[in-house]
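Asker:
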Amino acid sequence: MQPPRLETIADVADYLDRAANGGCRTVGELKRVIRTARDALRTIAEQGRERK
Numbered sequence: 498m499q500p501p502r503l504e505t506i507a508d509v510a511d512y513l514d515r516a517a518n519g520g521c522r523t524v525g526e527l528k529r530v531i532r533t534a535r536d537a538l539r540t541i542a543e544q545g546r547e548r549k
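Heads up: the sequence shown is residues 498 to 549, going by our numbering.
1. Can you give me the start and stop residues for the alpha helix (DSSP H) that Thr-533 sits inside?
2. Does the distance from the C-beta atom of Leu-527 to that of Ala-516 stay below 8 Å?
3. Ends of the alpha helix (DSSP H) at Arg-515?
4. Could you round the C-beta distance between Arg-502 and Asp-511 to whole angstroms and report it? I think they count as a contact, below 8 Å.
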C-alpha cells in the first residue's frame with residue numbers, strides 16, 4: 498500500500514482502516530503501515546503543539 502498524504506487524524510484512521518481490510522498481505526507490510534501511521538500522528542501532534 499502506498500501511503501496517501503496523512504495530514505489529519507481522520508486521514509490516518511482511513512489509512513489504517515484500508516490496511517486492516519485487505520491492504521496488507523504480509524506482516525512486513527503491516528509493520529510498515531503501522532510505522533507510517535505512527536510517524537504521521539507524531540507529526541500531527543508536533544504541528545498542534547507549535548500552533549498553541
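All residues carry an ideal CB built from backbone N, CA and C; glycine is no exception.
None of the values given here were measured: they were computed from a predicted structure.
Answerer: Per the coordinate set shown:
1. Here residue 533 refers to the residue found at position 36 when the sequence shown is read from its first residue. From DSSP, the alpha helix (DSSP H) with Thr-533 extends over 524 to 548.
2. Position 30 of the sequence shown holds residue 527. Position 19 of the sequence shown holds residue 516. Yes. Within cutoff.
3. Position 18 of the sequence shown, counting from 1, holds the residue named residue 515. Here the alpha helix (DSSP H) through Arg-515 covers 506 to 515.
4. Mapped onto the sequence shown, residue 502 falls at position 5. Mapped onto the sequence shown, residue 511 falls at position 14. At roughly 11 Å, the Cβ-Cβ gap does not stay under 8 Å, so Arg-502 and Asp-511 are not in contact.
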